[in-house]
Structure formats: C-alpha cells, structure tokens
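The listed protein sequences correspond, in order, to chains A and B.
Counting in my numbering, the first sequence runs from 1 upward without gaps.
Counting in my numbering, the second sequence runs from 1001 upward without gaps.
Yeah, the Cβ is synthetic: ideal placement off N, Cα and C, and Gly gets one too.
Here is the structure we will look at, set down as structure tokens.
There are 2 protein chains.
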Amino acid sequence: MSDGLNMSRRIRRTPYTSRIEKVGVRGFSVVNHMLLPKAFQPTVEEDYWHLRTHVQIWDVSCQRQVEIKGPDAGRLIQWMTPRDIGSSKIGQCLYIPITDVDGGLINDPVLLKLAEDHFWLSIADSDVLLYAKGLSIGMGLDVIVEEPDVSPLAVQGPKAEDLLAKIFGENVRDIGFFKFDWIDFAGTRQLIARSGYSRQGGFEIYLNGSHLGEQLWDMIWETGQSFNISPGCPNLIERIEGGLFSYGNEMTRENNPLEIGLGKYCKLDGSIDFIGLKSLQNILSEGIKRQIRGVLFNGGRCTTCSTPWPIMVGDKKVGDITSAIWSPRLEANVGLSMIDREFWKMGQIVAVQMPENNLASGKIVELPF
Amino acid sequence: MSDGLNMSRRIRRTPYTSRIEKVGVRGFSVVNHMLLPKAFQPTVEEDYWHLRTHVQIWDVSCQRQVEIKGPDAGRLIQWMTPRDIGSSKIGQCLYIPITDVDGGLINDPVLLKLAEDHFWLSIADSDVLLYAKGLSIGMGLDVIVEEPDVSPLAVQGPKAEDLLAKIFGENVRDIGFFKFDWIDFAGTRQLIARSGYSRQGGFEIYLNGSHLGEQLWDMIWETGQSFNISPGCPNLIERIEGGLFSYGNEMTRENNPLEIGLGKYCKLDGSIDFIGLKSLQNILSEGIKRQIRGVLFNGGRCTTCSTPWPIMVGDKKVGDITSAIWSPRLEANVGLSMIDREFWKMGQIVAVQMPENNLASGKIVELPF
C-alpha cells in the first residue's frame, strides 16, 4: 500500500482507514500519532478543481479531541488561551490560540462548547492533552482531561450541504458557520459543525464511537455518488490560496499569535488572565517584528517545502516560506511566509531561495490569494 | 524518494536526513513530529544479521530532549516519575516511566543527569515537553523547560566500541552501560552515552548543534567503512527478540508501569511522592491484572501489526499482540503481547487471531526471546 511510511500500532489507524484504503489512498501524513490520508489517485491539481466544484469526504480523525469537563473546565481553558471565552455560547466553535509563558504557540485548536462545564478542543499536531493534564494536575483543578473516542469526518465542497441535507435532513442547512448541532445516526446522537479546513464550505461530523466509522463513511459515500463525491484531504493548493495556516508549518512555538495575524483573538487589556499575557503585552508594546504574508513567485513548479526557504531582498534575508505549491489557477507558485516588518508591505519585490540554489523572483501579496 | 509519506516542514527533517537520503533510505516513521528512518536497501532480515555482526549508524534525532533546568528541576522530575531519582548521579542515564494521575504511562524516557539542577529527558513518542511545561506553570516552579537543539546519533552493534575508540579515543571504552561522558568534536564538547535501542551494544552521541550533523555523520561513516558500517535503524526483529518495548506500541496511557514489568522502577512505599502514586498503590494491592509476555507463534511469515491482534485461549480473548515479526533465527513469528493474569504463565498454549482471519497456534515464552 504505502512503502514510504512504515506502519505500526503507534501510528494509529482511524475508524475510516479501511475505507480510505479501499478507495486507493497513495500517501499519508502523521498528525497526533494518527494517519492523515494525504494523496489519492488524482493529482493534487485534479483534486483541487474537484474540491472547488463538487463534494469530498475527508478522514480527519487526526483532529483529536481533548475533552475538558468539570467545575473548573472553563477556568482551565481560559488560562490556556488569550482569546476571551467568557461570552462563548453552547453550540459555538471558537478558533483559539493556545500559548506558552513566552507567548509562543502550543497549538491552534477549535474549541467546541458542549455545556458550561464541558468542552472539546479539536487540536492541530501537538499533545494539548498533556499540556492540559499538566496544568490541571499542577494547579489542582477539579476537571477531567481525556481523549474521547471521537473521530471527525469532514464533508467539504460546494455540494456538501445538499448531500448532508439529503442524508440527515434539512435541518443541517440551518447550522451557521462555526456553529454546531446534533444529528441522529444509527441510533446515536452525533455532533455536526459547519466548519472544515477548506474555503469551499462544508461540515465536520465529530463521530463519537469508532465502531460506527465504516457505517458512516458508507452512508455518505453511497448517497454521495449522485453528487460526484470523491475521497479527499486538505488540499495544499486550496489551503495556501485560502490563507489557511497549519500548526508545525506556518507556526511553531517560535511564533506568537500576533505574528500569525491572530491579534483579534488576543485580549491583552488585562480583563482576562492567561499564560503568556505579560509576554504578549510586551511584544505588542515593542511592536510586532514579523508577520505572515502571501508570496507569489515564479521559477516554474516548485518542489515540496520541507524546510523553510529563505526570502531575500538584495543580500538581506527578510523571511522564510514555510508552505508552497504551484497554483494552476494563478499560474504561479503560491507560498505562505513569515516576513520581517520592514518588508511586509503588499507589493514588496522579493527573491525566494529555492532548495536547488536557484533564486525565484516574487512579491508580497494579500491573503487569501 | 518516499511516496507513501507526504513531507512538510511539520514532519521535521533532522541534521542527518540529507545523508540518510544519500545512502538510500526507503521508508520512514514519524516520532515526536520528526522523521525516523525505518528502511534501507537491505531487507529487515539482512539488516538484522548485519546489526548482530558489524556496526550501524542510526539517525535517532527523533529521541528529542526535554531539558529541565533550574532550582526546582529535580523536584519536577521526581513528581513526574515513580522511580526514585534521589540517589541518581551526574553522568548516569536512568530509564524512568512517566505517569498520569491514574498511573497510565505518559512516556518512558531515559533521564540524563547533567548537573544537580540540569536534566535531559530523552523521550519516546509523546510531547513530554508540554506535560512538563504544564506541570511547571501550574505549580509555579522555578525551572526552564525547553527542547534544546540536540539530535542523538546512535552507533550500534558489536564493532561500535572499536569504531568510536578509533575516532574519539580510547576513553570511550571506559564508559559503563547507561553512563555518559564527553568527547571533543569539531571544537565542541559533546555527550556520549553507552546506550541505544538494541541489545547488540553501542553508543549514542547527543549532538548539540544541528549545523554539525553532516560533519559528524561523515566522520563516522568514513572511518566506519573498514568496520563494514551500514546505515540502519531500530530493527524490528532484533527489538522484539530482545524484549525492547516501544511507547505507543506495547504501552499507551491505557497501561500502567506494573503491567509493563517496570515494577522495579516504581517506588510505592510512600517514601517519595509523585503523580499517580495512589493509583499505583491501589493497582498493586488489588493485584496486577495483565502483563507483557513474549508469544512465539507459527502460521507463516506474519504481516505488520498495525492494530492489536487478539490472543485467544479457546473462545476467550486473553490478550493482544502489539508488535510482531518473523524471526529468521527462531524460524517462527515473535510477538510482544499484553496477557491476562490467568494465562500469562510460561508455556501457556494460545491462538493468535491474525488480520486475515486465520488463527495461528503459539505459546507464551520468556522475554527476551
């Protein structure tokens, strides 16, 4: 099946892996110690056009949930994030940066508020479970921090709503963006959110119960045939064009949320207290030194960006590209990059230092592309 | 190069990856968000015989270090582990289970004591960094918890000592098992330990400074030619035969250290306090319910164990195999398994439920095989 990634129990399979294999997966990534399908029979470009036109089913089980439940649940979560969660409502999804003492990013999950004392953090690739456990144990909080048996399945693309309305009823149409509701499935009640890691619209079903995975996949797959459904995954072209960032790629613990353009999610006026507040206040008062920008560059179809590519202005290194790919729509390479303040203005001409020692000319552009 | 694993910056390359590619790596695993080379040109069996006869160089950079430094460093580490570290000495490596409140295993790192207030935890595959950060922040401890730029390179096999003595001097011969010392390399002082994830002897160089990686690799590689050196990696046959367990495979947070046979590293008499003490005391007084055993079984060369394989006695499921492979030396399959108490005695006849629905007969055996 896959000769580049060596399998073992440690690289966890998902409730949908058997189905993913059946439809011809060609490559995986590993996120949160779990398989993330990343390549199917079509090319990334064919997949890109399909995602923009039809509907896809994505195994995103690796978006593991960190369940935080109990009297101190809200207190623990507020302590972990600069975003004010005080006015959040049940049924709401909130994108929340999680910070370290120095303001560095630990993760950038989506928070789902299930009840006043019950939350899920739908995480990117780092063990937030262990951070939350450590904090809770260290502070002696009255909460349970666990990973429930929840495996998100995404349905993305312009036809996603019609497909899911046909399967689960018209009510799914009423779910607002970044809101969630509940559907009945196989005698169970399952959470569905209007969300997902694309800009093409769609939903994520947070399936609670691995044993139901194949049944859920099959139901969507079969009904999806008349919608021209295909198996898919976060599409690198679509994600970069859409300005969707990836923890571990665009941001690491070396970056703070202000650099990532997440200032609007950082309440720094002292009205809430959280880990890293003082550091972020200092960074803000000293001025943000670098920030994420788009870079549009030529030089032919670029290779995979597996280490940061230096961005130059003359002899000066002014930033790094962290993800890049050829955009068939823009007929140029598109990259996400961290750029020093002096050079981050739109239209700035730059050169990209590619791995093969050739310099490609480019310019700083707005996100999304 | 590798079409089964999709590369990105998030799956971090190591200081040795360029060299690993040069010598023909064919497959990777991902550990601690970093590439672990797992397959080269020879088969696993050829590699097994080579490792037992000659010397190999392994890129084990993914054994990341969690550096804990400061006045409260010893206190934090003791709080994380059931092993009494009070009498540990500078220059010593200690295998320490790290536990959760319920006694579940968070990780099983090697602790290196650099100074009374300065430790490295050389970790298996989970973000111990975030657990330690959470605890330290939650308890308000006076420590720094960081991941230094340290990338272990292992030299394993019966000729490892001769090779490294030739390069770094005769003093390396004096390093005891699970002890470390320092060597001079390229004007720097580097830590070297007599340790490694095989039973064939050898060393691990904890290279501090990624920029020196290729130079270190080249020096060992070139001098190693006359020792019949080859690139390698933890060998699944050798590791299973040797009874070396892997976090995420043989043990997860579902398992406690007593089940893993780590009772000798658990000080449960109340003379030290740590996270999970009460839970482990309860487990001990109620009696350990299951424990790791070897299983020797037939049925022809088994496939990769990527989900636990049930072990049956009659109609009763009595355990699971978590790692398994064909042993060319024993001419049978060897497996590591968690077995219920009633059935864990040596010589117990069992049946292994393989993925293809065929039952293989086997028996419980001592570890190492």
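Distance cutoff 8 Å, beta carbons only. Does residue i sit that close to anything in chain B?
i: A/Gly243; result: no
i: A/Met354; result: no
i: A/Asn249; result: yes
i: A/His33; result: yes
i: A/Ile123; result: no
i: A/Ala39; result: yes
i: A/Cys266; result: no
i: A/Pro310; result: no
i: A/Met346; result: no
i: A/Arg13; result: yes
i: A/Gly314; result: no
Suppose you measure from the CA of residue i to the CA of residue j; what does that come to, to the nearest Å?
i: A/Ser151; j: A/Ile325; result: 29 Å
i: B/Asn1032; j: A/Arg26; result: 23 Å
i: B/Leu1268; j: B/Met1080; result: 14 Å
i: A/Phe274; j: A/Val66; result: 19 Å
i: B/Ile1203; j: B/Pro1308; result: In the sequence as presented, Ile is not what sits at residue 1203 of chain B; that position holds Phe. Each residue's alpha carbon lies about 32 Å from the other.
i: B/Asn1256; j: A/Gly270; result: 42 Å
i: A/Ile272; j: B/Gly1287; result: 47 Å
i: A/Arg64; j: A/Leu112; result: 12 Å
i: B/Ile1123; j: A/Gln56; result: 38 Å
i: B/Cys1266; j: B/Asp1100; result: 13 Å
i: B/Leu1164; j: B/Lys1179; result: 16 Å
i: B/Leu1129; j: B/Thr1017; result: 23 Å
i: A/Leu216; j: A/Met354; result: 43 Å
i: A/Lys89; j: A/Gly261; result: 24 Å
i: A/Asn358; j: A/Thr252; result: 27 Å
i: B/Glu1146; j: B/Trp1120; result: 10 Å
i: B/Cys1093; j: B/Leu1244; result: 17 Å
i: A/Glu366; j: A/Gly300; result: 21 Å
Looking only at its chain, what residues have a beta carbon closer than 6 Å to the beta carbon of residue i, apart from the 5 residues adjacent to it on each side?
i: A/Val30; result: Ile11
i: B/Ile979; result: Given a span of 1001 to 1369 for chain B in the structure shown, any question on residue 979 of chain B remains unanswerable.
i: A/Arg199; result: Gly242
i: A/Ile144; result: Lys69, Gly70
i: A/Gly196; result: Ala154, Gln156, Gly202, Glu204
Taking 8 Å as the limit between beta carbons, can you name the residues of its chain near residue i, skipping five residues before and five after?
i: B/Asn1208; result: Pro1148, Asp1149, Val1150, Thr1188, Gln1190, Leu1191
i: B/Arg1290; result: Glu1259, Gly1319, Met1338, Ile1339, Asp1340, Arg1341, Trp1344
i: B/Asp1117; result: Lys1069, Gly1070, Pro1071, Ala1073, Gly1074
i: B/Ser1327; result: Ile1237, Ile1240, Glu1241, Asn1333, Val1334, Phe1369
i: B/Asn1235; result: Val1044, Asp1047, Tyr1048, Leu1051, Ser1198
i: B/Glu1170; result: none
i: A/Ala351; result: Ile311, Met312, Val313, Leu359, Ala360, Ser361, Gly362
i: A/Phe227; result: His54, Val55, Lys159, Asp162, Leu163
Give every residue of the same chain whose Cβ lies closer than 7 Å to the Cβ of residue i, excluding the five residues on either side of it in the sequence, and list them in chain order.
i: B/Leu1028; result: What sits at residue 1028 of chain B in the sequence shown is Phe, not Leu. Excluding positions up to five away in sequence, the list reads Ser1002, Leu1005, Leu1035, Leu1036, Pro1037, Lys1038.
i: B/Leu1076; result: Ile1068, Ala1132, Leu1135, Ser1136, Leu1141, Val1143
i: A/Gly103; result: Asn256, Gly276, Ser279, Leu280, Ile283
i: A/Phe177; result: Arg194
i: A/Arg13; result: Leu35
i: B/Gly1024; result: Phe1040, Gln1041
Using the DSSP secondary-structure output, state which residues sit across from residue i in a beta bridge.
i: B/Val1060; result: Answer is none; B/Val1060 lacks a bridge partner.
i: B/Ser1327; result: B/Ala1332
i: B/Asp1108; result: B/Asp1108 pairs with nothing; no bridge assigned.
i: A/Pro42; result: Looking at the DSSP assignment, A/Pro42 forms no beta bridge with any residue, so it has no partner.
i: B/Ile1321; result: B/Trp1309, B/Ser1337
i: B/Gly1362; result: B/Phe1297, B/Val1350
i: A/Ser29; result: A/Leu36
i: A/Arg12; result: A/Met34
Taking CB distances under 8 Å as the criterion, tell me whether residue i reaches chain E.
i: A/Thr81; result: The chain labelled as chain E is not found among the protein chains of the depicted structure, namely A and B.
Does any CB atom of chain A fall closer than 8 Å to the CB of residue i?
i: B/Tyr1131; result: yes
i: B/Arg1341; result: no
i: B/Ile1275; result: yes
i: B/Ser1337; result: no
i: B/Thr1322; result: yes
i: B/Asn1006; result: yes
i: B/Leu1212; result: no
i: B/Asp1142; result: no
Quick check on the DSSP output: what are the complete beta strand (DSSP E) runs of length 3 or more inside the region 1064 to 1097 of chain B, in order along the chain?
1065 to 1069, 1093 to 1095
Of all the alpha helix (DSSP H) runs that stay within the bounds of the region 1146 to 1203 of chain B, which reach a length of 4 or more residues?
1160 to 1168
Taking only runs that begin and end inside the region 1197 to 1266 of chain B, name each unbroken alpha helix (DSSP H) of 4 or more residues, in chain order.
1213 to 1224, 1236 to 1241
Whole runs of the alpha helix (DSSP H) within the region 1110 to 1148 of chain B, excluding any shorter than 4 residues:
1128 to 1139
Continuous beta strand (DSSP E) assignments of at least 3 residues falling wholly in the region 1275 to 1312 of chain B
1290 to 1297
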